[in-house]
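Residue numbers (our numbering): 64 to 134. Every residue gets a Cβ at the ideal spot worked out from N, C-alpha and C, and that includes glycine.
Written out as structure tokens, the structure is:
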């Protein structure tokens, strides 16, 4: 399991998409009405080991984080 830490100043909808190295979406989930600090778990048991890119969309902003999966 990978954890994404998000700090939100206001109530927002959040979408997380995880991409593999060739740009395919391997995980996607939306959350409604989040605020304050959120620790969001991303399941990685079905992913092969490697580096993934998580794109976190909050309102009109996109935050990018790297996720390393090691089994």
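With 16 other CB atoms within 10 Å as the buried threshold, where does residue 66 fall? Working through the chain shown from its first residue, we reach residue 66 at position 3. Looking at its Cβ environment, which holds fewer than 16 other Cβ atoms inside 10 Å, residue 66 is exposed.
Taking 8 Å as the threshold, find out whether the segment 94 to 101 comes into contact with the segment 71 to 81 through three or more Cβ pairs. yes
Reduced DSSP category for residue 123 - H, G, I as helix; E, B as strand; rest coil: Here residue 123 corresponds to residue number 60 of the chain shown, with the count starting at 1. Coil at residue 123, not helix or strand.
Closer than 8 Å is the cut-off here; do at least three beta carbon pairs connect the segment 111 to 130 with the segment 80 to 89? yes
Can you find the residues in the same chain that come closer than 6 Å, C-beta to C-beta, to residue 69, ignoring five residues on each side of it along the sequence? As a first step, residue 69 is located in the chain shown; it is residue number 6 there, counting from the start. Once the five neighbours on either side are set aside, the close Cβ partners of residue 69 are 101.
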